[in-house]
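The structure under discussion appears below in the form of structure tokens.
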Amino acid sequence: MLKKILSKKVLIVFLILMTTGIFLRMNKLGAQSFFADEFLGINIAKGYSETGEWKFWEFNTNTLSDEVYTRANVYYWQVAKTFDFLPISEESARLVSALWGVIAMLTVFFMTFVITRNWTIALIALFLSAVSISELIYDRKLRMYSMFAPVYLWFSYAVYNFLEYKKFTKKSFLRKLCKRKKEGAEVCVLEKIFQKTGFNWFWFFPALFLGFLSLKVHDLTVNIMPTILIYLLTMGVFILFRKKKFKNRYLISIAFFSLVSFILVVLASSLKTIPVVGYIIDKVIGGLAGVSWVFHWTYLQKITLDYSYILFGIFFIVIGSYLMIKKYGKIGLWTVLSFLVPLLMAIFSWRRNVGDQYIYLTQLFKVMIVACGIYFFSKKISSLLSQDKKVFLITLLTVLLLLINIPFFYSSEGFYQSPKSWEYTNYKEGFKYFLKNRSDDALLISRPLSNYYLNGSNVNILAYNDDNEITATKIFQAQNKYNEIWIIFSKNTNIQGDARRLIEKEFELVETQYTNQKLNIYVWKKKQGSIKIGFITDAHCLAKQDKTTLKWNLKSSCEEPLSYFVNKMDNEFKPDIIVNGGDLVDGADDNSIWDFQEAKKLLGKAVAPTYDVLGNHEVNKFSKEEWLKLTGNERTYYKVDINGFRVIFLDGNFTSTGRATGPDKSAYPGKINEEQFLWLQDTLEDAEDLRKIVFVHQPPIETDYREQSRLFIDAEELRALLSEYDVEVVVSGHIERYCKMNFGTSTDYYVLQGFWKSNKNLKEEFRYKKGAVFSEITIGKEAEVKTYYMDNNGIDYKSFVLNRDNADCLDGSAVITEKVREYLEDDMEELE
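Mapping to the working numbering: the sequence shown position 336 is 516, numbers consecutive.
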């Protein structure tokens, strides 16, 4: 039968286009995370699948909630039934939409042929439908719109056929069914009724059924009312001016529908009790309540998403509309109005947030219109060049390739990208990260419907939604009850005001390889009186140019140990913060800023936030102002409060007169200027109950390496201040040395080895060929500093915990071969 209708060539092209469309709808269907209202769909479908009730399923606890939801249940019923024979997943949940997308393609193809009686236009429409981005978005999403579009199209054409009575032919089945003899003549009662009323009542019940089905899928079905009204008005006015006939059936039909509408409004309260009728009345009244004067011009951009150029798309929409009406008369006009009226209603009347889903019901009509425009445009162009069919085909293919938005499929918005590259919210990896890193008693603040990825986790949840907003008070109460709180939400989630400010102030923003600008993961941990710090210092990173490619790369002596350090921090030590103790770069040449940026990128890959201390080598080749830009700091000295600790970072790079050092002004001994000293005093004073830690690049002490005057100017004054405010730990680098000491106070001073160069004065056990020294600082009841260094084989790491026995600042005999003060006096330049 199909071969009789379709030629072999048409059938082949049809099958190719259908296969393409099916592939685009099915390929990687489950690759991307659920997001937005897809969570609503999976919750209600799972709830119905498990219990047969239209209630949301709570995936976190695997229980049924009390909240009832019946919207679009004709669609979600199909999704629920899918779970009877397929395991629940993103792919199986979206399968119903993909299948309805295939139905939509078939609908467009055959409906276009019914209107135009032209297989070529029908194939063009099928192609546009197969590759349509607008259609693919919803055909690959757990939303009812994929079903709504073809059902609404069927309903629309059933209404058109109801409105447009056609005289029965002699061979008509209806005429044979209803004919009877009257005074010797054959009379058809149905035909008389159709003639008198002007309606094709044969289509009344199909239109009623399809309208009811469409309403069950989505309330936007009410767009049919203004479409009917404007169609009747257009035809009525046309006949009025063309035939001077005021009493034409279109204007009479408007009066009829107005009268029926008035009666329905008057009797609405009584009619609401009637099945189907009451349901339709409720939906229509609800739809009309959402009408007001607005201006959403962005819908014009959304309607051209399928096309490579907006103006190109608008051009074919306009000429397609004109030709559809000119070539195909009433049914062409109906098709154009079915596209245009809902679009204009969305732009000017619908009082709701702007979303491309609200104009999706126009998509299939638009495809048919544009297909018509492309066909006749290509015909016209080819006729000007030649009457050859090959010219027409080449013109047609050229127009299609220029029109469709091919770059979209490769963009971050595309459907086939890696989850890392996809621009939309990746809840799947966000919740996976939370489950992996949370503590057992953590609280999660989240929208309840987004908890699909918590399946069976029984996480403590503080749920919120539009009717139950998250507030600062609720967060405060949670902080008093829980030791750890996580918040996962998308950028467009309504967390505002005091709650948002509190989150940004007291919570840490987590960044992973799967999160992007659309997803926020914040975590807060109650101050427990301990802190873990990953520490490196004196990396002295340098770049080396490849002689072949001429590209600059960090030397392996910097890149390899830094990468190892980051991996060890993330996978084993898991510190609260990471501190770069200064001299991250050597500052030996004009590449220093580039060196710093690249080394910072390596450290930035760590999960824990990194804080920087300014070293003397940084300002050898670039200014402090440039360092601030590179680190994002506001000042070269600053503080961070975390876990009950105040961590202070000082800038010891000032001259003896208090001037800032830089490329044009160098000074080797450390010193803090008067302004910084006063700031430090205030910062220590207002710390209240916070425990205090200080990082400064140059050690404010004397060692068996250096006299105090060669290390830090006015160190006694600084130490007195730190002791006065019970600073517990002061950590420095700078001199390639392990040492620990105090001055009979509660403040311990640590000097930690850098990992750039080997110190030949270390004992063989501590000497290494490759740089790689870093430390793990843990401060609880007491401070512990564990230092890792690469063995002299350049492969394995060893470690030891610093104490006064193995790292005394004034007697380093445990790690140093001999006292070398006199030797270092002569060798100062090399060690600096």
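For glycine and all other residues, C-beta sits at the position ideal for the given N, C-alpha and C.
This one's a predicted model, so the numbers in the text were calculated from it and none came from an experiment.
Buried versus exposed, by CB contacts within 10 Å (16 or more), residue i
i, result
"SER336", "buried"
"PHE214", "buried"
"ASN645", "exposed"
"VAL550", "buried"
"ASN771", "buried"
"VAL248", "exposed"
"LYS819", "buried"
"THR790", "buried"
"PRO330", "buried"
"PRO587", "exposed"
"THR250", "exposed"
"PHE267", "The sequence given here places Pro at residue 267; Phe does not occur at that position. So PRO267 counts as exposed."
"GLU270", "buried"
"SER394", "buried"
"GLN543", "buried"
Start and end residues, beta strand (DSSP E) containing residue i
i, result
"ASN760", "757-760"
"ASP831", "Unbroken run through ASP831: none, as it is neither H nor E."
"GLU247", "243-248"
"TYR256", "Careful: TYR256 lies outside any beta strand (DSSP E), inside the alpha helix (DSSP H) at 253-262."
"ALA963", "963-970"
"THR958", "954-959"
"TYR702", "699-705"
Boundaries of the alpha helix (DSSP H) in which residue i is found, first to last residue
i, result
"THR863", "854-865"
"PHE236", "Segment 235-238 is the beta strand (DSSP E) holding PHE236; no alpha helix (DSSP H) there."
"ALA225", "218-231"
"ASP678", "677-686"
"GLY784", "772-784"
"MET206", "188-206"
"PHE307", "299-310"
"VAL793", "VAL793 -> no alpha helix (DSSP H), and no H or E assigned at all."
"LEU810", "804-811"
"TYR332", "325-343"
"ASP319", "313-319"
Nearest-angstrom beta carbon gap, residue j and residue i [assumed within contact, 8 Å]
i, j, result
"ALA652", "ARG627", "Incorrect: roughly 18 Å between the Cβ atoms, too far for contact."
"VAL981", "VAL965", "7 Å"
"ASN823", "SER710", "7 Å"
"PHE687", "ILE667", "7 Å"
"ILE301", "THR287", "Not confirmed; about 15 Å, so no contact."
"ILE959", "GLU908", "7 Å"
"PHE825", "ILE873", "6 Å"
"GLY610", "ASP763", "Going by Cβ atoms, the distance from GLY610 to ASP763 rounds to 37 Å, so no, they are not a contact pair."
Inter-residue spacing [alpha-carbon to alpha-carbon] between residue i and residue j
i, j, result
"LEU204", "PHE236", "31 Å"
"ARG839", "ASP766", "22 Å"
"LEU699", "GLU962", "38 Å"
"LEU564", "ASP264", "59 Å"
"ASN747", "PRO741", "10 Å"
"ILE196", "ILE410", "39 Å"
"LEU932", "LEU485", "59 Å"
"GLN481", "TYR590", "20 Å"
"GLY493", "VAL547", "11 Å"
"PRO843", "ARG815", "18 Å"
"ASN1051", "LYS705", "With the chain running from 181 to 1012 in the structure shown, residue 1051 is simply not present."
"ILE283", "ILE511", "22 Å"
"ALA273", "ARG871", "52 Å"
"ASN796", "GLU806", "14 Å"
"ALA788", "HIS720", "22 Å"
"SER743", "LEU734", "12 Å"
"LEU388", "TRP381", "11 Å"
"PHE834", "PRO879", "14 Å"
"LEU343", "LEU513", "13 Å"
"ALA310", "ASP217", "24 Å"
"PHE194", "LEU541", "24 Å"
"LEU416", "ASN428", "The residue asked about is misnamed: residue 416 is Gly in this sequence, not Leu. Spanning the two alpha carbons is a distance of roughly 7 Å."
"PHE557", "LYS506", "14 Å"
"TYR345", "THR515", "17 Å"
heavy atom of the ligand MG below 7 Å from residue i C-beta
i, result
"ALA643", "This structure simply doesn't include the ligand MG, nor any ligand for that matter."
>> Going residue by residue through the segment 497-555, where are the continuous beta strand (DSSP E) segments of at least 3 residues, counting only ones entirely within it?
In response: none
>> List, from N- to C-terminal side, the alpha helix (DSSP H) runs of 4 residues or more that fit wholly inside the segment 870-932.
In response: 888-891 and 895-904
> Hey, which unbroken runs of the beta strand (DSSP E) at 3 residues or more fall wholly within the segment 588-641?
Replying inline: 623-626
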